[in-house]
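Protein chains in written order, with our numbering: chain A, 1 to 481; chain B, 1001 to 1095.
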């Protein structure tokens, strides 16, 4: 049994295709593992009941997968981590879920997340926080914290999540796994519950870069149901690059005065040396506008969210509360009781930024900063192939450490938000371990690599070569200190 | 910075009813966040085009052909109080 779970998703797939691995036995082993969830990582698991009839797989030949609870799944509870959607069973499946089922990947379950993907620690879930498999007093990151925790914690071979400002990459870093945010438009958003539509993107959370490539190859594509989708024209193939010779990696000049932990810095610098060992070249690049990424993001994302979340009004689906015959009263009671504090905060922020008299000062300015950031990257990519940074300013922090300070929580997205605003792909791979600032057992550190729009194949090749060079093999529960 | 009466006004626009406690904490938290965001207020962005969408796409069209959509009973299955094949809501006249 243990051996089956040790296979990567790619190894399992190849063994199933070759007839060396019994798909039913393999999936059953994973269902049993998922049933042992002690991290509060699953909100729903497929136990073969009536409600999972619509997601049955015809030809089981791809490793079973955990799906963030933001993806509409026909007949299966889909909450987006919110009380306002408690008990909701969508009448259709998102394109991402449909593609997984068609490819032959059984759905293991739906993973816990920050409510409507708003958060960087998973503490904003209406259904309780997810625990980090590396330490039960630590957050798994967010918002795709459940998807990262199941992969790192041996409760799923791989998972999908969504990334709006770092929600795949930061939890992947905090849990010591691989997380890829593809180019905006690479994967359909149809049926993916909207947070900030111009930024939201689906992507893989996996043990290895090769698994991420395999999953991306299944998920990517233009979808008539999402007019903003374009897909990856050349498709995606498995990476095999062995060195980094001839490739230039840009380190932002601004990184020198940014605040991030000493341990993270040490792993980052050690990884730069590894890149050079593998034949890559390190160069400095200027990205002067990225320091305003958080400001622009926390205007644009809440503004779009305030509009997207207007649909939760208690009329067509989800929870309805109060009213007593008064429509406005019903709207207000439903929304006030259904949304959690962070979602209310962002709706307020976004509504304020879009309100008469403030639109130009906030939303208008933020959109121009967004242009500047995209231009910065375009200029950097004329000189280098990739831009590299730490994925997050710290390792996983403690549960409750930042819950009283929303701004401190937002600043955790400092390194991941600029790529989201520019719409470019970025991957986080585990690069080493570091002690948290306040002391304690060592925790994983993520290394982020960003590439030009639609440069996924080159990004995966470079990440693969670096992953092999780093050879990160630490696991939660290993003795360390 | 944001004042208490602005918080109440925005809450009304957003169809949120905030408790006294929520109003208090919202004033502090939103002011803190806006204080950070205000850093972009001083940037010279004269002549910079705003970006609302990162991928260059325009006029994504498809043939206007009829095709099946969700059956009525399926679309209504998740409604809190469906009635006579329609979504039912309290009357807007009451206000």
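Idealized CB from N, CA, C, for every residue including glycine.
Would you say residue 1039 of chain B faces chain A, with C-beta separation under 8 Å as the test?
Taking Cβ atoms only, chain A reaches closer than 8 Å to residue 1039 of chain B, which makes this a yes.
Tell me the rounded alpha-carbon separation between residue 1 of chain A and residue 28 of chain A.
Reliability of the predicted coordinates at residue 1 of chain A is poor, the pLDDT of 46 falling under 50, and no value is obtained from them.
Would residue 1063 of chain B pass as an interface residue toward chain A - the criterion being a Cβ-Cβ separation below 8 Å?
False, the Cβ-Cβ gap to chain A never drops below 8 Å.
With respect to the beta strand (DSSP E) encompassing residue 428 of chain A, which residues constitute its N-terminal and C-terminal limits?
426 to 434 is the extent of the beta strand (DSSP E) around residue 428 of chain A.
Residues in its own chain within less than 6 Å of residue 1027 of chain B by CB, not counting five upstream and five downstream?
For residue 1027 of chain B, same chain residues with a beta-carbon under 6 Å away, outside a window of 5 residues either side, are 1004, 1007 in chain order.
Would you kindly check if the distance between the Cβ of residue 209 of chain A and the Cβ of residue 463 of chain A is under 8 Å?
In this structure, residue 209 of chain A lies closer than 8 Å to residue 463 of chain A by Cβ.
Residues bridged to residue 135 of chain A by DSSP?
Answer by DSSP bridge pairing, in chain order: A:132.
If contacts are defined as beta-carbon pairs under 8 Å, then residue 545 of chain A and residue 73 of chain A qualify, I think. What distance do you get, rounded to the angstrom?
For residue 545 of chain A there is no data in the structure shown, the boundaries of chain A being 1 and 481.
Does any CB atom of chain A fall closer than 8 Å to the CB of residue 1085 of chain B?
With 8 Å as the cut-off, residue 1085 of chain B does not count as an interface residue toward chain A.
Quick check: the Cα distance between residue 397 of chain A and residue 414 of chain A, rounded to an integer number of angstroms?
For residue 397 of chain A and residue 414 of chain A, the distance between alpha carbons rounds to 15 Å.
Grab the span of the beta strand (DSSP E) containing residue 248 of chain A for me, first residue to last.
Going by DSSP, residue 248 of chain A is part of the beta strand (DSSP E) stretching over 248 to 252.
Residue-chain proximity (residue 1010 of chain B, chain A), Cβ-Cβ < 8 Å:
Contacts with chain A at 8 Å (Cβ-Cβ) include residue 1010 of chain B.
Proximity winner among A:461, A:76, A:352, A:329, relative to residue 90 of chain A (alpha-carbon distances)
Comparing Cα positions, the closest option is A:76.
Could you tell me how far apart the beta carbons of residue 465 of chain A and residue 243 of chain A are, in whole angstroms, since I believe they sit closer than 8 Å?
6 Å between Cβ atoms; contact.
Candidates A:42, A:40, A:49, A:83: which alpha carbon is nearest residue 344 of chain A's?
Ranking A:42, A:40, A:49, A:83 by Cα distance to residue 344 of chain A puts A:83 first.
Taking the CB atoms as reference points, tell me whether residue 322 of chain A and residue 88 of chain A lie closer together than 8 Å.
No, Cβ-Cβ distance for residue 322 of chain A and residue 88 of chain A is not below 8 Å.
Runs of 4 residues minimum, wholly inside the segment 431 to 481 of chain A: which ones carry the alpha helix (DSSP H) assignment?
Entirely contained in the segment 431 to 481 of chain A, the alpha helix (DSSP H) runs reaching 4 residues are, in chain order, 456 to 470.
According to DSSP, is residue 1008 of chain B part of a helix, a strand, or is it coil?
Judged by DSSP in its simplified three-state form, residue 1008 of chain B adopts helix.
Pick out whichever of A:159, A:51, A:217 has its Cα sitting closest to the Cα of residue 457 of chain A.
The candidate whose alpha carbon is nearest that of residue 457 of chain A is A:217.
So, under 8 Å CB-CB, residue 386 of chain A and residue 249 of chain A are touching, yes? Tell me the CB distance rounded to an integer number of Å.
Residue 386 of chain A to residue 249 of chain A, Cβ: 5 Å. Contact.
Residue range of the beta strand (DSSP E) that includes residue 159 of chain A:
Residues 158 to 163.
Work out the CA separation of residue 241 of chain A and residue 346 of chain A for me, nearest whole Å.
Each residue's alpha carbon lies about 43 Å from the other.
Close-in-space but distant-in-sequence residues of the same chain around residue 481 of chain A (CB under 8 Å, 5 per side omitted)
Residue confidence is low: residue 481 of chain A scores 40 on pLDDT, short of 50, so the model does not pin down where it sits. Its coordinate-derived value is still stated next. Around residue 481 of chain A: 441, 442.
Taking only runs of the beta strand (DSSP E) that begin and end inside the segment 356 to 427 of chain A, which ones reach a length of at least 3 residues, in chain order?
Listed in chain order, the beta strand (DSSP E) runs fully inside the segment 356 to 427 of chain A are 386 to 390, counting runs of at least 3 residues.
Is residue 1 of chain A helix, strand or coil by DSSP?
For residue 1 of chain A, the pLDDT reaches just 46, beneath the cut-off of 50, and the residue's location in the model is therefore unreliable, leaving the point undetermined.
Using 8 Å for Cβ pairs, my map puts residue 151 of chain A next to residue 429 of chain A. What's the rounded Cβ distance?
Not confirmed; about 13 Å, so no contact.
State the DSSP-derived secondary structure class of residue 1095 of chain B, mapped to helix, strand or coil.
Below a pLDDT of 50, predicted positions are generally treated as unreliable, and residue 1095 of chain B, at 49, falls in that range; the measurement from the model is reported next regardless. Residue 1095 of chain B: coil per DSSP, three-state reduction.
Cross-strand partners of residue 68 of chain A (DSSP beta bridge)
The bridge partners DSSP lists for residue 68 of chain A are A:111.
Please check if any C-beta of chain A sits within less than 8 Å of the C-beta of residue 1026 of chain B.
Yes, residue 1026 of chain B lies at the interface with chain A (some Cβ there is under 8 Å from its Cβ).
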